[in-house]
Amino acid sequence: MNIYKIYFNYIIELLDKFKLESKHNFDNSEILKKITLEPPKNNINGDMSTNLAMLLSKSLKLNPKEIANKLKPYILKLPNIALVDIAGPGFINITLKQSTWSDFIKNMLLNPQNWDKQNIGKGQNINLEYVSANPTGPLHAGHARGAVFGDALASLLDEVGYKVIREYYINDAGSQIEKLVESSLLRYDECNGQDIKEIPNGLYPGEYLKDVGKQLFKKYGKNLKQKSKKDVFDLVRKVSIEVIMKMIKKDLSKLGVKMDVFTSEKNIISGNLLTDILTLLENKNLTYYGTLDPPKGIDPNTWVKRQQFLFKSSNFGDDLDRALKKSDGSWTYFATDMAYHLDKINRTNGDLINVLGADHTGYISRINAAVNALSNGSITIDTKVCALVNLMENGNPIKMSKRAGNFVTLSDIIDAVGKDVIRFIMLTRRNDQSLDFDFKKVTEKSKDNPVFYVQYAHARCNSIFKSAEILEENLSVENIDLLSGNDETELIKFISQWPRTLELAAKNHEPHRICYYLIELSSMFHTLWNKGKDNLNVKFIVENDVKLTNARLLLVKAVALTIRKGLSILKIKPIFEM
RNA sequence: GGACGCGUAGCUCAGCUGGAUAGAGCAACUGCCUUCUAAGCAGUAGGUCAGAGGUUCGAAUCCUCUCGCGUUCACCA
Numbered sequence: 020m021n022i023y024k025i026y027f028n029y030i031i032e033l034l035d036k037f038k039l040e041s042k043h044n045f046d047n048s049e050i051l052k053k054i055t056l057e058p059p060k061n062n063i064n065g066d067m068s069t070n071l072a073m074l075l076s077k078s079l080k081l082n083p084k085e086i087a088n089k090l091k092p093y094i095l096k097l098p099n100i101a102l103v104d105i106a107g108p109g110f111i112n113i114t115l116k117q118s119t120w121s122d123f124i125k126n127m128l129l130n131p132q133n134w135d136k137q138n139i140g141k142g143q144n145i146n147l148e149y150v151s152a153n154p155t156g157p158l159h160a161g162h163a164r165g166a167v168f169g170d171a172l173a174s175l176l177d178e179v180g181y182k183v184i185r186e187y188y189i190n191d192a193g194s195q196i197e198k199l200v201e202s203s204l205l206r207y208d209e210c211n212g213q214d215i216k217e218i219p220n221g222l223y224p225g226e227y228l229k230d231v232g233k234q235l236f237k238k239y240g241k242n243l244k245q246k247s248k249k250d251v252f253d254l255v256r257k258v259s260i261e262v263i264m265k266m267i268k269k270d271l272s273k274l275g276v277k278m279d280v281f282t283s284e285k286n287i288i289s290g291n292l293l294t295d296i297l298t299l300l301e302n303k304n305l306t307y308y309g310t311l312d313p314p315k316g317i318d319p320n321t322w323v324k325r326q327q328f329l330f331k332s333s334n335f336g337d338d339l340d341r342a343l344k345k346s347d348g349s350w351t352y353f354a355t356d357m358a359y360h361l362d363k364i365n366r367t368n369g370d371l372i373n374v375l376g377a378d379h380t381g382y383i384s385r386i387n388a389a390v391n392a393l394s395n396g397s398i399t400i401d402t403k404v405c406a407l408v409n410l411m412e413n414g415n416p417i418k419m420s421k422r423a424g425n426f427v428t429l430s431d432i433i434d435a436v437g438k439d440v441i442r443f444i445m446l447t448r449r450n451d452q453s454l455d456f457d458f459k460k461v462t463e464k465s466k467d468n469p470v471f472y473v474q475y476a477h478a479r480c481n482s483i484f485k486s487a488e489i490l491e492e493n494l495s496v497e498n499i500d501l502l503s504g505n506d507e508t509e510l511i512k513f514i515s516q517w518p519r520t521l522e523l524a525a526k527n528h529e530p531h532r533i534c535y536y537l538i539e540l541s542s543m544f545h546t547l548w549n550k551g552k553d554n555l556n557v558k559f560i561v562e563n564d565v566k567l568t569n570a571r572l573l574l575v576k577a578v579a580l581t582i583r584k585g586l587s588i589l590k591i592k593p594i595f596e597m
């Protein structure tokens, strides 16, 4: 039950009626697109505010305030209107009757599961690709952000009625995999009793490959290398990737992330998709053999000019055409990625979202071009970029280097602070802003730590029920109209904005908004609670007034429910007792 | 050099796709509480939204240019 949506729809109906009755002739379509009904920033300006009069001003050639005055009688006829005010440059500010708010809480508590349900996705499919870390080593801090962001977004979209496919693309082909195989073979040699000394530069030195070596030795004994080179490569590749993917999946599940689909790059390459995209593009005349100009700023002497097989991605907004084949005739990474995206398009029958790291920003426009070309513009792809995470310890950056071995893995972080803390903190910043993750601060039990602050608010709700000696679920929804204090009403109004927050977060693909909402809700709740210290009259539990206490406990319950709902979208467990 | 992103209070950041007097949290200053509902509370101050133009009823938000920072740029993956 999104109050703002309900009144928004009233306003739209009202516009038609006004047009008919006022005999003004104007074009609705532009206005309908721009019309807003929002909670004003400052609550002096009522409960909701619309810009309708200002929008009409141009086509009616009247000043906005005049129009607002003409609209006012229409608005006064809407349900539960207490006051309509015209303010500023022509805003129409609406104040609802007090009873609206207690009714709101009542309705919410009678439908705790569904009160905030909205069907924005209408059951459409949406494919969300995230993490997709190379299977060459364990997940680290940087991956955590993409994983949490993607997973929270998935759960958010799921909540508002999309059918979400959570997907991981395994880059199990290409030169990095060759290096992985080489590294694993060294570990095998090690098990075989050889002194391998130090792992050479450019290969993967991590301990985790020892396990691969062991498995290979266990399975094939001393004779592995007697097989053909190709067989050895395939076997080692298979075992390496199995071991590492198992590790990655384990870490993901520790973080609470569960993928629906894992797609292998190797399978994409060995299937027919590459020839499919080739015919598709050729039919549209989007490929050619040609040479690219050297990028500006590059020394022309070092530039190797060569004939390449290219995709006209610049037709679709990319700044360059992109190579599909290398000079030796093999496909480029981009070509296989294009094939992969065709695969996603075919399987999904809906829009796509990619979650990438900041270092892949330059890649976005060509993928957009690809998806556009392959789907004839019928599929949109939104790419979300996650900026860096700076790991800190009490204000000081932790220096990471793979060589020195003080490389912080995701698993380490989970063990240190717990998955819920990671999930929350990773969303306390917009995805495209870099984020400091301070081991000390995120585990601090103080109001400066947002995770603690929100969890504390929830635990506090529970503790109030305890002091009142009543179980939350046994509260009866009555006397709710006794909730009439200013602060109480403000709190209710803020809760009424929850569905709107959900909607905006989902539409903009911005799960961080959930976090910010929860922090603010908690803050309002704590503030109200604290007022009870100075003023016994505003305590939640009122001595000798069972009815008022009951009403206030219902509000506490509403707060608890909302926090729980928000946390559940972030897949974080609420804490009942601290 | 090109492309993309960023620039908001001393610091860290929000800002609802163009709305009203730009908001939080730290830090600072000023009080309050030395407790029981729980890990303090309340208040004050702090701004040319990098700068300059433009679009319009109206711009932190859209467009152009300038400055500063970051990422990225070939057949890598």
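Numbered per our numbering, the first sequence finishes at 597, counting up by one with no gaps.
Using N, Cα and C, we set each Cβ at its ideal position, and we do this for glycine too.
Fair warning: this is a prediction, and the values are worked out from it, not measured in the lab.
So what does DSSP say about residue 283, is it helix, strand or coil?
strand
Figure out for me which residue from 561, 523 and 572 has the closest Cα to the Cα of residue 24.
It is 523.
By the three-class DSSP mapping on this structure, what secondary structure does residue 157 have?
In the three-state scheme derived from DSSP, where H, G and I count as helix and E and B as strand, residue 157 is classed as coil.
Distance, residue 91 Cα to residue 140 Cα:
34 Å
Rounding to the nearest angstrom, what Cα-Cα distance links residue 534 and residue 587 in this structure?
The alpha-carbon atoms of residue 534 and residue 587 are separated by roughly 11 Å.
Just reading off the beta strand (DSSP E) that residue 68 is part of, what are its end residues?
Note, residue 68: beta strand (DSSP E), 67 to 69.
Residue of 479, 101 and 288 minimising C-alpha distance to residue 549
479
Tell me residue 144's beta-bridge partners as DSSP assigns them.
DSSP, once it has assigned bridges, lists 182 and 369 as partnering residue 144.
On the criterion of 16 or more Cβ atoms from any shown chain inside 10 Å, does residue 321 qualify as buried, or is it exposed?
Burial call: exposed.
Less than 8 Å separating the beta-carbons of residue 171 and residue 183?
no
Identity of the residues DSSP links to residue 411 by a beta bridge
416 and 457
Whose C-beta lies closer than 7 Å to the C-beta of residue 401 among residues of the same chain, with five residues either side of it excluded?
372 and 528
Among the candidates 286, 432 and 394, whose CA atom is the shortest distance from the CA of residue 410?
Among 286, 432 and 394, the Cα nearest to that of residue 410 belongs to 432.
Local conformation of residue 322 per DSSP, three classes:
coil
Note the first and the last residue of the continuous alpha helix (DSSP H) segment covering residue 236.
227 to 239
Reducing DSSP to helix, strand and coil, say where residue 551 ends up.
helix
For residue 249, does the count of other Cβ atoms within 10 angstroms reach 16, so buried, or fall short, so exposed?
exposed
Please state the DSSP three-state secondary structure of residue 291.
coil
What's the C-alpha gap between residue 464 and residue 593?
Cα-Cα distance, rounded: 15 Å.
Write down the C-beta distance between residue 330 and residue 343 rounded to the nearest angstrom, noting that I regard them as a contact closer than 8 Å.
Going by Cβ atoms, the distance from residue 330 to residue 343 rounds to 5 Å, so yes, they are a contact pair.
Taking contact to mean 3 or more Cβ pairs, one atom from each stretch, closer than 8 Å, check whether the segment 117 to 124 and the segment 507 to 514 are in contact.
yes
Let me make sure I understand the geometry here. Which of 481, 280, 429 and 482 has the alpha-carbon closest to that of residue 456?
For the set 481, 280, 429 and 482, the Cα lying nearest the Cα of residue 456 is the one of 429.
With contact counted as at least three CB pairs below 8 Å, one residue from each stretch, are the segment 195 to 210 and the segment 254 to 274 in contact?
yes
CA-CA distance, residue 150 and residue 162?
6 Å
Please classify residue 487: does DSSP put it in a helix, a strand, or coil?
Three-state result, residue 487: coil.
Proximity below 8 Å, CB of residue 191 to CB of residue 283
In contact: residue 191 and residue 283 (Cβ atoms closer than 8 Å).
Buried or exposed (CB count within 10 angstroms, at least 16 for buried), residue 537:
By the neighbour-count criterion, in which 16 or more other beta carbons inside 10 Å mark a residue as buried, residue 537 falls on the buried side.
Among the candidates 483, 453 and 277, whose CA atom is the shortest distance from the CA of residue 377?
453
Residues of its chain near residue 105, where Cβ-Cβ distance is below 8 Å and the 5 sequence neighbours each way are ignored:
72, 84, 87, 88, 91, 111 and 112
Tell me which residue opens and which closes the alpha helix (DSSP H) that residue 311 is part of.
Looking at the DSSP string, residue 311 is not in any alpha helix (DSSP H), and its letter there is neither H nor E.
Less than 6 Å between C-beta atoms, sequence neighbours within five positions excluded: which residues of the same chain meet that for residue 369?
143, 144 and 145
Report the residue from 75, 28 and 505 whose alpha carbon sits nearest the alpha carbon of residue 38.
75
I'd like to know if the segment 558 to 573 and the segment 480 to 497 are in contact, where contact means that at least 3 CB-CB pairs between them fall below 8 Å.
yes
Do you know offhand how far residue 156's Cα is from residue 221's?
14 Å
With distances taken from CA atoms, which of 224, 279, 97 and 228 is nearest residue 186?
279
So what does DSSP say about residue 474, is it helix, strand or coil?
helix
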